Ligand SMILES: Cc1cc2nc3c(=O)[nH]c(=O)nc-3n(C[C@H](O)[C@H](O)[C@H](O)COP(=O)(O)OP(=O)(O)OC[C@H]3O[C@@H](n4cnc5c(N)ncnc54)[C@H](O)[C@@H]3O)c2cc1C
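Residue numbers (our numbering): 4 to 382.
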């Protein structure tokens, strides 16, 4: 497989890198403390076309491929993982499934405002009693005059408070309590109530909300076929996981860069700590594992761009990259010693941010399950 980036992909990568270096990374520590970044950041990202990178131009996007979008996510996450996940959920968990599964009318109505950043996208699957076992969700949609009454509660919904469009999953067949009988709806966030803003270990600049919903939506808000919404959710996560893997690579890359710089400057026992073999081995392992994770991400994104199956490749990329990021951000702290544990340097934040990549869009245990299912299905 040819993994050489095209000139256009490199250009988009440079654009995202320059923006992350100038406008994101210098503010990330402050946004971590403040538990949020200014909405203006999203406006600037929209201006650069980075809120709809892989959305076709006819729907208001930049018209680039999925791999370009993945490169953007790595760069934004290298600057701040909270900004990274905001863009990831907005794009691959909301905009892209509407493009893929929506009718032409739905695409024309809902995608351009998302691609232009006029509204921010979110994805509402998880509930207090349904996380990994998302098919057990109990939010229900029942027939009402002119559409569907949706009633229930969703938990840990990234971006809900920004306001915009929500892809929401609800049970439309009360006879089944499994993944069958779930449908997908496009809901305006003004039709849901934010009930809580979550306090988290890391990823503090991103917003994570619990929501309650009791609203009637019109018939044309259902996306895909009745009772077939779970397939949309799973397909969305197949692509979304590649984005989370890229986020993990970006966080690890940021930690590696700080550790490398520090190792060349810090002295102990009359020499640079970079001259100790123990530290060299840590840097070598970091560099190798980041490369390996990035290659898995590039492969999975390339398969998706070519319209080839990418469930297994995406799960492998997410599993390896997320565990790598947790391991290597911890190693970065070790290279910095006591300074690494303090807020004088960003590596403690990278460590806190990396942990979530092992949990959302499918935990590591679920990724192993997905990979095993794919392997066994082939034999
Ligand atoms: C910051 C943050 C943002 C999020 N954003 C969103 C969002 O935007 N939209 C959304 O819908 N959700 C979101 N989530 C929810 C996230 O996707 C879930 O937390 C995740 O899927 C795991 O579900 P759970 O937390 O209920 O864990 P559980 O499913 O309760 O799992 C608990 C433990 O059991 C393990 N386990 C469960 N089932 C199995 C099994 N079959 N085999 C082996 N082990 C198993 C898990 O791996 C885990 O270790 C977010 C969560 C967080 C923390």
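From the three backbone atoms N, C-alpha and C, an ideal C-beta is built for every residue, glycine too.
Note that this is a predicted model, so its numbers are computed, not measured.
Is it the case that the CB of residue 128 approaches a heavy atom of ligand 3 more closely than 6 Å?
Only ligand 1 can be found as ligands here, which leaves ligand 3 out of the picture.
Among residues of its own chain, excluding the 5 on either side of residue 267, which ones have a beta-carbon nearer than 8 Å to its beta-carbon?
Counting from 1 along the chain shown, the entry for residue 267 is found at position 264. Here the set comprises 275 and 277.
Measuring CA to CA, which of 305, 262 and 90 is closest to residue 163?
Translated into positions along the chain shown, residue 163 becomes position 160. Closest option to residue 163, Cα to Cα, is 90.
Start and end residues, beta strand (DSSP E) containing residue 186:
For the purposes of this step, residue 186 is taken as residue 183 along the chain shown, with counting starting at 1. Its beta strand (DSSP E) spans residues 185-191.
Can you name the start and end residues of the alpha helix (DSSP H) that residue 235 belongs to?
Taking the chain shown and counting its residues from 1, one reaches residue 235 at position 232. 232-268 is the extent of the alpha helix (DSSP H) around residue 235.
Can you check which of these residues, 187, 152 and 80, is closest to residue 21 by C-alpha distance?
For this step, residue 21 is matched to residue 18 along the chain shown. Closest option to residue 21, Cα to Cα, is 80.
Return helix, strand or coil for residue 274, following the three-state DSSP convention.
For the purposes of this step, residue 274 is taken as residue 271 along the chain shown, with counting starting at 1. Three-state result, residue 274: strand.
Can you tell me whether residue 65 is helix, strand or coil according to DSSP?
By 1-based counting over the chain shown, the position of residue 65 is 62. If DSSP states are grouped into helix, strand and coil, residue 65 belongs with coil.
For a minimum of 4 consecutive residues, which ranges assigned as the alpha helix (DSSP H) are wholly contained in the region 92-158?
For the region 92-158, whole alpha helix (DSSP H) runs of length 4 or above, ordered along the chain, are 99-104 and 107-118.
With distances taken between CB atoms, is the gap from residue 63 to residue 97 smaller than 7 Å?
Sequence index remark: in the chain shown, residue 63 carries index 60 (1-based). Sequence index remark: in the chain shown, residue 97 carries index 94 (1-based). The answer is no: Cβ separation not under 7 Å.
I need the boundaries of the beta strand (DSSP E) containing residue 212, first residue and last residue.
Locating residue 212 in the chain shown gives position 209, counting from the first residue. 211-221 is the span of the beta strand (DSSP E), which, as asked, contains residue 212.
Of all the options 333, 321, 294 and 347, which has the alpha carbon lying nearest to the alpha carbon of residue 6?
Residue 6 sits at position 3 when you count from the first residue of the chain shown. In this structure, 294 is the residue among 333, 321, 294 and 347 with its C-alpha nearest to the C-alpha of residue 6.
Residue 283 burial status per 10 Å Cβ neighbour count (16 or more: buried):
Locating residue 283 in the chain shown gives position 280, where the first residue counts as 1. The residue is exposed, with fewer than 16 neighbouring Cβ atoms inside 10 Å.
Taking 6 Å as the line, does the beta carbon of residue 359 fall inside it for any heavy atom of ligand 1?
Against the chain shown, residue 359 aligns to sequence position 356. Yes, since a heavy atom of ligand 1 falls inside the 6 Å radius drawn around the Cβ of residue 359.
Under 7 Å between C-beta atoms of residue 252 and residue 296
If you number the chain shown from 1, residue 252 lands on position 249. If you number the chain shown from 1, residue 296 lands on position 293. Against a cut-off of 7 Å, the Cβ pair of residue 296 and residue 252 comes out as a contact.
Answer yes or no: do residue 92 and residue 161 have a C-beta to C-beta separation smaller than 7 Å?
Counting from one through the chain shown, the residue named residue 92 turns up at place 89. Counting from one through the chain shown, the residue named residue 161 turns up at place 158. If you check the CB distance, residue 92 and residue 161 come in under 7 Å.
Assumed close pair residue 240, residue 368 - CB separation to whole angstroms, cut-off 8 Å
What you label residue 240 is simply residue 237 of the chain shown in a count that begins at 1. What you label residue 368 is simply residue 365 of the chain shown in a count that begins at 1. Taking 8 Å as the upper bound for CB-CB distance, residue 240 and residue 368 are not in contact here, some 15 Å apart.
N- and C-terminal bounds of the alpha helix (DSSP H) containing residue 341
Here residue 341 refers to the residue found at position 338 of the chain shown. Unbroken alpha helix (DSSP H) run through residue 341: 341-344.
Three-state class that DSSP yields for residue 309 in the structure shown:
For the purposes of this step, residue 309 is taken as the residue at position 306 of the chain shown. Here DSSP, grouped into helix, strand and coil, assigns residue 309 to coil.
Less than 7 Å between the beta carbons of residue 335 and residue 215, yes or no?
Within the chain shown, the letter at position 332 stands for residue 335. Within the chain shown, the letter at position 212 stands for residue 215. For the pair residue 335 and residue 215, the CB atoms are not nearer than the 7 Å cut-off.
Flag this pair as yes or no: are the beta carbons of residue 170 and residue 100 separated by less than 7 Å?
Looking up residue 170 in the chain shown gives position 167. Looking up residue 100 in the chain shown gives position 97. Taking 7 Å as the cut-off, the Cβ atoms of residue 170 and residue 100 count as close.
Excluding the 5 residues preceding and the 5 following residue 68 in the sequence, name in chain order all residues of the same chain whose CB lies nearer than 8 Å to its CB.
Translated into positions along the chain shown, residue 68 becomes position 65. Around residue 68: 12, 57 and 308.
Alpha carbon to alpha carbon, what distance is there between residue 143 and residue 180?
Counted from its first residue, the chain shown places residue 180 at position 177. Counted from its first residue, the chain shown places residue 143 at position 140. Note on geometry: alpha-carbon atoms of residue 180 and residue 143 lie some 11 Å from one another.
In this structure, how does DSSP classify residue 172 when only helix, strand and coil are distinguished?
Your numbering for residue 172 matches position 169 in the chain shown. Note: residue 172 maps to strand in three-state DSSP.
Here's a check: name, in chain order, each residue in its chain whose Cβ is nearer than 7 Å to the Cβ of residue 304, leaving out the five neighbours to either side.
The sequence position of residue 304 within the chain shown is 301, counting from 1. Once the five neighbours on either side are set aside, the close Cβ partners of residue 304 are 69, 70, 73 and 245.
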